[in-house]
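J.: The structure under discussion is supplied below as structure tokens; questions concerning it will follow.
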Amino acid sequence: MRDNHLRSADGHFDVANYPTITFKSTRVEGTDPSHFKVIGDLTIHGLTKEVTLDAGFTGEVKDPWGNRRIGFNAETKVNRKDFNLTWNQALEAGGFVVGDEVKLEIDVEAVPAKTPAEAKEEIEAEAALESR
Numbered sequence: 147m148r149d150n151h152l153r154s155a156d157g158h159f160d161v162a163n164y165p166t167i168t169f170k171s172t173r174v175e176g177t178d179p180s181h182f183k184v185i186g187d188l189t190i191h192g193l194t195k196e197v198t199l200d201a202g203f204t205g206e207v208k209d210p211w212g213n214r215r216i217g218f219n220a221e222t223k224v225n226r227k228d229f230n231l232t233w234n235q236a237l238e239a240g241g242f243v244v245g246d247e248v249k250l251e252i253d254v255e256a257v258p259a260k261t262p263a264e265a266k267e268e269i270e271a272e273a274a275l276e277s278r
């Protein structure tokens, strides 16, 4: 029920018309990998605003398949009304159900992209296994 309400057009995300939320980085500031800023364009509800993410490198590991994985996290705060997310309801005791400030937290794990030759080799190997 809650998800349907949030997906609706009545001051919420209106996913029928705006099915995606995107962030496109435009630049990175700082040289310390444990703390840097990623500046970019955040688009929610069809509106784009420049935001600054406080970001950091969280580590590097090898996964069980031998792939190198690196992790990053980032966070920022935005005012939901800047994106026309306006729904709210007054509480009997005073105040409102939803605050204007929203904290966005992002955790990312990344693996290096394969070269076209590596990708082709992997596809061919998988196809050979399936044909057995």
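Per the numbering used here, the very first residue in the sequence shown carries number 147; after that it's consecutive.
Glycine residues also receive a C-beta, built at the ideal position from the N, C-alpha and C atoms.
Only a predicted model underlies this, so the values are computations on that prediction, with no experimental measurement involved.
Just how far apart, CA to CA, sit Thr261 and Thr232?
T.: 45 Å
J.: Quick test of your reading: Arg215 and Glu255, contact by CB under 8 Å. State the CB separation rounded to the nearest angstrom.
T.: 5 Å
J.: Ordered along the chain, which non-local residues of its own chain (more than five positions away) have a Cβ less than 8 Å from that of Thr194?
T.: Asp187, Leu188
J.: According to DSSP, is Leu193 part of a helix, a strand, or is it coil?
T.: strand
J.: My assumption, with CB atoms under 8 Å, is that Thr198 sits in contact with Ile185. Please give the rounded CB distance.
T.: 5 Å
J.: Thinking Phe229 and Ile190 are a contact (beta carbons under 8 Å), I'd like their distance in whole angstroms, please.
T.: Phe229 to Ile190, Cβ: 4 Å. Contact.
J.: Where does Ala265 fall in DSSP's three states?
T.: In the structure shown, Ala265 adopts helical secondary structure according to DSSP, grouped into three states.
J.: Which one or two residues does DSSP pair with Glu272 in a beta bridge?
T.: None; Glu272 has no bridge partner.
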